[in-house]
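Engineer: Structure in structure tokens, see below.
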Amino acid sequence: MSGLLIKNVTKIYPGVTALDDVSFEIKSGDIHCIIGENGAGKSTLMKILAGEQQVHSGEVFIDGEKAVFQSPADAISKGVGIVYQELSNFIQLDVARNLFANNLPRKGLIIDYAALYKKARKILDSCGLDYINERAHMEDLSLGSQQMVEIASLLSKNVRVVILDEPTSALTEVEITQLNKLIKDMKARGITVIYISHKLNEILYLADTITVLKDGRHVKTMEKTDAVTREMLVRYMVGRDVEYDYKVGINPVGDVLLKVEGLSSGKTVSDVSFEVRRGEIFGISGLEGSGRTELLETLFGWRKKTAGKIYVSGKEVLNRTPQESIKNGFAYITKERKMLGLFLSLDVASNTAAASTTKFKKYNLVDYAAMKENAQKYADIMKTKIASLAQKVMNLSGGNQQKVLLSMWLSAEPDILLIDEPTRGIDVGAKSEIHILLRDIVSQGKAVIMVSSEMPEIIASCDKTIVMYEGAVAGFMENNELSEEKMMKLASNLE
Amino acid sequence: MSKLRSDAMQSKGKPFVKALLERREITLILLIMVMAIGLVLRTNTFLTSANIRVLLQGMSTDMMIAVPMAISLIAGNIDFSVGSSLCLTSAVACTAMSAGVPAGLGILIGLALGAALGFLNAVIINKLHVTPLVATLGTWMAFQGAALVIIGGNTVANLPADFLQIGRIEVLGVPISIIYMVLIIALGMFALKYINFFHRAYFIGSNKESARLAGINTDRFKYVTYTITGIVAAFAGLVLAARLGSSSQNAGSGLEFRNVVGLLVGGLSMDGGEGTIIGATLGVLIMQIINNALVLLYINPSYTKVIIGAILILAIAIDQFNRRRRAKV
């Protein structure tokens, strides 16, 4: 028996409530799928169930008994295990060692290799994985097979609740079929499977029960019947009041500044074409993994372009490297501002000058005075709250860090600003300030291309938007055509 | 269905010969054979028993220490301080013995000090959270400095006769240092493959986080392996001093460097997770043969450093290339 009861679970991170009073039941032996858009709280809830995070308040019961896990290892010993999207295994070692890790069969202090391989073979066979060789090195197996081994490893530890977090995002068709077979086998053995995915087709095929989360809250738990359709699920997943309005369409729009034709980067970005005019904020929407960030990376020369052309003001540009792109007037503000953007241990003035250092020289030596002047100018424009220009950027709040990052790129005086998740992790007040800033920027004749997971943000600030699905453009909409439902449908490949 | 079959073919073990050729150890053995043949042809002294004896004895100090270093490196922990540990423990023990301390006690002091130095490395790494490379570079310098303080530029001779025996006796015509070396290699091979505690080196080196999640105490592993390395370094130093009849500040000079090159050539990776004791042995052997060759071919010893430096860069480049290739999976 392995039923779970989630009762009033709340989880708060600094600045954001990831889970808000979530309660629902997962029936023993079910294949229970959890869906929701990016940021709905699915991953957080799974981390709590798997023992990686603790609840802020609320309780989890397994078969009627309260379950508090100190660590993932603790969770496994009590019967709950998770397999993540990014596998974490011992890739240079063989399958048998991966299955047993710290539990190698031994006689006293000595490892019993004969028993190791025999037991490994038994485990693989009992999961129907007779085609996987227990002596093969993990790195020689396909990704799908590696995942199977991780699942087999959990099963061998008598885990009764198996959580799969987006398991098919990197699998081939054949591997997906194999995985589905294994999942059905697990169900037949009475194991409860919790399956996170945003692939609605898969959900409708596999699920016994479906739970929808939205903005950290529980929306609905329903049994999968023929009456449940993808459209119905989409409607549960989105549908909220649009709160903000960032003055779309108030500034004049000029000529076509950027034209992208058939842009591809392997399979991750596939034949993308669009146009952006001066004065426009162009949105790119879609689910995580649909290639939005990779599209920006390709435009900026940080990711290899395998096909297509880029035109700036009618002239073709190659953008083979970030330096070239910057020379061509591009700027790229990544979504990981701490890891890929700011220089946390340096001060505000240095950060502001970082993308345009060649501007700040006098007699070919570093001109600190000019750097300071420039930083002050932008701090004033953006109303960045800093104690002084010498303050280290790591000590600023998220919103102010984002403003410094914006200042850094604006100092380089780009024409085309690529920005990924402009207000991620930023409080409501700063959010609107940044959007107003972006609108000011395009009012001066520049163009902004914005990737965002927050559909309300896109609807509120973008003149035109494309929705991506699996690397390609699923749809294009003008601002007045935008709606969350429509965007979600396109993002899930439903229209 | 056919895709599954191809997966099976992939995982069932590639054709035996191909798999064999991909093993670093085979490449190394071939390389050694090529070098040996080359040297036999170019000189008439390579394969003489006298030269082989010199070769093996000459490598014994390095090789003994390379074994625990290899186990540590497989777990991703480098130890750059071994040469200085050897020098310091040798200096202290020999100074004591030349001042009248009996051989048995002198040896004990040396080994105990070696253990303490090794343990200190682990403490710095575990408690002060300094990375192994930086920590052991620091102790490399500190231990060397301490040795200088103790013996300065002098050579400590005047060692008790029974002490000299531990480095000079022969068993069945084989010098004892070669026997120690072979024993330590065998012990290392057994421990790494069959003793659960040491076998964990592969898990820790392959994925430290997963190893911890699986319940492996990575801190404890460091305490044990660094201490053992310290003890073996001290032992090798004592054997060396016994053989030479003296201890000086040059003892162990460049040892860690030579060994790291040897280990990398032997198939270990700076990141850990792979390699075998056999591979390590072959790697160190190759470095010794190269050294031996440079002498037999009358090449200017100054070139030695250039050549070894070049080999180190080549070995690391190949290591990086392999890691990058693997990361593409």
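Protein sequence lines, in the order shown, are assigned to chains S and B. Remember, the numbering used here sits 5 above the position in the first sequence when you count from 1. Remember, the numbering used here sits 474 above the position in the second sequence when you count from 1. Ideal Cβ positions, reconstructed from N, Cα and C, are used throughout, including at glycine.
Using a cut-off of 7 Å between C-beta atoms, extract the partners of Leu687 of chain B located in chain S.
Structural biologist: Pro77, Ala78
Engineer: Quick check on this structure: which residue in S:Val472, S:His440, S:Pro172, S:Ile67 has the alpha carbon closest to the alpha carbon of Ile289 of chain S?
Structural biologist: S:Val472
Engineer: So with CB distances below 7 Å, who are the chain B contacts of Gln97 of chain S?
Structural biologist: Ser680, Gly747, Glu748
Engineer: Just to confirm before moving on: does the CB-CB distance between Val100 of chain S and Ile137 of chain S stay below 8 Å?
Structural biologist: yes
Engineer: Step through the CB atoms of chain C and report whether any lies within less than 8 Å of the CB of His603 of chain B.
Structural biologist: Among the chains of the structure shown, chain C does not appear; the protein chains present are S and B.
Engineer: May I have a chain-ordered list of the beta strand (DSSP E) segments no shorter than 3 residues that lie completely inside the region 171-253 of chain S?
Structural biologist: Fully enclosed beta strand (DSSP E) runs of 3 or longer: 197-201, 214-219, 222-228.
Engineer: If contact means a Cβ-Cβ distance below 7 Å, which residues of the region 349-361 of chain S contact chain B?
Structural biologist: none
Engineer: Could you give the first and the last residue of the continuous beta strand (DSSP E) run that contains Lys320 of chain S?
Structural biologist: 320-322
Engineer: If we count Cβ pairs, one from each stretch, closer than 8 Å, do we get three or more for the region 510-528 of chain B versus the region 621-636 of chain B?
Structural biologist: no
Engineer: Could you spell out the range, first to last residue, of the alpha helix (DSSP H) harbouring Leu560 of chain B?
Structural biologist: Counting along the chain, Leu560 of chain B sits inside the alpha helix (DSSP H) bounded by residues 556-572.
Engineer: Against Ile545 of chain B, what residues of chain S qualify as contacts under a CB-to-CB distance less than 9 Å, listed in chain order?
Structural biologist: Chain S residues near Ile545 of chain B: none, gap ~15 Å exceeds 9 Å.
Engineer: Put Lys16 of chain S into one of helix, strand or coil per three-state DSSP.
Structural biologist: DSSP, reduced to helix, strand and coil, places Lys16 of chain S within a strand of the structure shown.
Engineer: Between which two residues does the beta strand (DSSP E) containing Glu378 of chain S stretch?
Structural biologist: Taken as a continuous stretch (DSSP letters only), Glu378 of chain S belongs to no beta strand (DSSP E), being part of the alpha helix (DSSP H) at 373-387.
Engineer: Quick check on Ile792 of chain B - is its C-beta less than 8 Å from some C-beta in chain S?
Structural biologist: no
Engineer: Determine whether the Cβ of Phe795 of chain B lies closer than 8 Å to any Cβ atom of chain S.
Structural biologist: no
Engineer: Tell me whether Ser269 of chain S sits in a helix, a strand or coil according to DSSP, three-state version.
Structural biologist: strand
Engineer: Spatial neighbours of Asp135 of chain S within its chain, please: CB distance less than 8 Å, with the 5 preceding and 5 following residues excluded, ordered by chain position.
Structural biologist: Leu129
Engineer: Can you tell me whether DSSP reads Leu349 of chain S as helix, strand or coil?
Structural biologist: coil
Engineer: Check whether the Cβ atoms of Asn108 of chain S and Asn94 of chain S sit closer than 8 Å, and answer yes or no.
Structural biologist: no
Engineer: Would you tell me roughly how many angstroms separate the C-alpha atoms of Lys52 of chain S and Ser743 of chain B, rounded to the nearest one?
Structural biologist: 33 Å
Engineer: Mind reading off the beta-carbon distance from Ser651 of chain B to Ser534 of chain B? Whole number of angstroms is fine, and I expect it under 8 Å.
Structural biologist: 4 Å
Engineer: Please compile the residues from chain S whose C-beta is within a distance smaller than 8 Å of the C-beta of Glu683 of chain B.
Structural biologist: Here the neighbours are Ser93.
Engineer: Figure out for me which residue from B:Val575, B:Asn551, B:Asp536 has the closest Cα to the Cα of Cys561 of chain B.
Structural biologist: B:Asp536
Engineer: So, using beta-carbon positions, are Leu9 of chain S and Ile31 of chain S closer together than 8 Å?
Structural biologist: yes
Engineer: Excluding the five sequence neighbours on either side, which residues of its own chain have a C-beta within less than 6 Å of the C-beta of Met399 of chain S, listed in chain order?
Structural biologist: Excluding residues within five positions, the ones whose Cβ falls inside 6 Å are Leu349.
Engineer: Would you check if the distance between the CB atom of Ala452 of chain S and the CB atom of Phe287 of chain S is smaller than 8 Å?
Structural biologist: yes
Engineer: Straight-line CA distance for Ile782 of chain B to Thr563 of chain B?
Structural biologist: Whole-angstrom Cα-Cα distance: 27 Å.
Engineer: Quick one: grab the DSSP three-state call for Met344 of chain S.
Structural biologist: coil
Engineer: At what residues does the beta strand (DSSP E) containing Leu510 of chain S begin and finish?
Structural biologist: Because residue 510 of chain S is not part of the residues shown, which for chain S are 6 to 500, the question remains open.
Engineer: Between S:Ala496, S:Glu42, S:Ile464, which lies nearest to Val477 of chain S when the distance is taken from Cα to Cα?
Structural biologist: The amino acid at residue 477 of chain S is misidentified as Val; the sequence shows Ala. Of S:Ala496, S:Glu42, S:Ile464, the residue nearest in Cα terms is S:Ala496.
Engineer: Less than 7 Å between C-beta atoms, sequence neighbours within five positions excluded: which residues of the same chain meet that for Ile690 of chain B?
Structural biologist: Sequence-distant partners of Ile690 of chain B (beyond 5 residues in either direction) whose C-beta falls short of 7 Å from its own C-beta, in its chain, are Arg674, Phe677, Ile678.
Engineer: Going by the beta-carbon positions, is the gap between Leu591 of chain B and Ser559 of chain B smaller than 8 Å?
Structural biologist: yes
Engineer: Count the other C-beta atoms from every protein chain shown that fall within 10 angstroms of the C-beta of Ala23 of chain S, then say buried if there are 16 or more, exposed otherwise.
Structural biologist: buried
Engineer: If the cut is a Cβ gap below 7 Å, which residues of chain B does Asn324 of chain S touch?
Structural biologist: Under the 7 Å cutoff, chain B gives no residues; its nearest Cβ is about 24 Å from Asn324 of chain S.
Engineer: What's the call for Thr750 of chain B, buried or exposed, on a 16-neighbour Cβ count within 10 Å?
Structural biologist: buried
Engineer: Tell me whether the region 401-412 of chain S and the region 336-347 of chain S touch, counting them as touching only if at least three CB pairs, one residue from each stretch, are closer than 8 Å.
Structural biologist: yes
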